[in-house]
Amino acid sequence: GSSMGIRIMGDHDHILYANQALLDIFGYENIEEMRVSPLQEHYTPESYAGFIQRKEQFARGEPIANQLEFDIIRKDGAIRHVHLSSMKIIWNGKEQSQTVYNDITERKQAEKRLEIASREWRTTFDSITDFISIQDKDNRIIRVNKALADLLQTTPQELVGKSCREVMRGDQECPANCPHLLALKTGKPFSIEIFNSKLGVHFQESASPIFNNNGEITGTVL
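Residues in the sequence shown are numbered from 19 upward in steps of one, following my numbering.
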């Protein structure tokens, strides 16, 4: 009933046991088909090159990783991403090698989609010419777009973690009607027009509160 493929190998690479999940991952009909066409025959060329490298390392007595990820080409032609972990077990009173295979294709695809979405968000964020910063309740910068970093003649990475007041006003006090503080206090957006003497720029400064899933304010977008 396991969703993880399990294989136990004996002497001379003889397959002692393989569960149904392992057959399903690779697309085998039965264990005999696996014995005729070993798992590595279904590896992609890149994965097979890694397999040969590990085999040579093992032959030289070098340690090899007991966990790794690689791609396979299933019998139906589908490419799947597999996580492998191996360990020694006692099987019928004798120490044997057990390998567990987990098909993580869906998880990898989800991670890739998140990575693409994050990259697209960053590109959009940095394409906005208005000066934008996101800060927490303590007024520490979490994110800042490229336009604001350029204005301050630095990079977004250098600004993260710094106080918005330190970056934008230097030693000057925040005004009593600071949009960030008012947005935190009321949970509503606020906007003011102000002259920033440190930068020599007139700003329309607007802050909107950020809420978490529980409806609590965690910071603002300025």
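A virtual CB, placed ideally from N, CA and C, is assigned to each residue, including glycine.
Predicted model only: the values in this text are computed from it and were never measured.
Considering only residues of the same chain and omitting the five flanking positions on each side of S16, which have a CB-CB separation below 6 angstroms? The displayed coordinates of the chain run from 19 to 240. Any statement about residue 16 would go beyond what the structure contains.
In angstroms with no decimal places, state the Cα-to-Cα distance between K106 and Q116. For this step, residue 106 is matched to residue 88 along the sequence shown. For this step, residue 116 is matched to residue 98 along the sequence shown. Near 6 angstroms, if we compare the C-alpha coordinates of Q116 and K106.
Please classify V54: does DSSP put it in a helix, a strand, or coil? For the purposes of this step, residue 54 is taken as residue 36 along the sequence shown, with counting starting at 1. Helix, per DSSP.
Below 8 angstroms, can you find three or more Cβ-Cβ pairs linking the segment 140-152 to the segment 60-80? Verdict: no, contact absent.
Report the CB separation of P207 from A194 in whole angstroms; it is logged as a contact under 8 angstroms. Along the sequence shown, read from residue 1 onward, the residue named residue 207 stands at position 189. Along the sequence shown, read from residue 1 onward, the residue named residue 194 stands at position 176. So it is not a contact: roughly 18 angstroms between Cβ atoms.
State the start and end residues of the unbroken beta strand (DSSP E) segment that holds D121. Reading the sequence shown from its first residue, position 103 is the one you call residue 121. Bounds of the beta strand (DSSP E) holding D121 are K112 to D121.
Under DSSP, the alpha helix (DSSP H) around H101 begins and ends at which residues? As a position in the sequence shown, residue 101 is number 83, starting the count at 1. Careful: H101 lies outside any alpha helix (DSSP H), inside the beta strand (DSSP E) at I97 to W109.
Got a sec? Which residues, its chain only, sit under 7 angstroms from L57 by beta carbon, not counting five neighbours each side? Position 39 of the sequence shown holds residue 57. Taken in chain order, the residues that qualify are F44.
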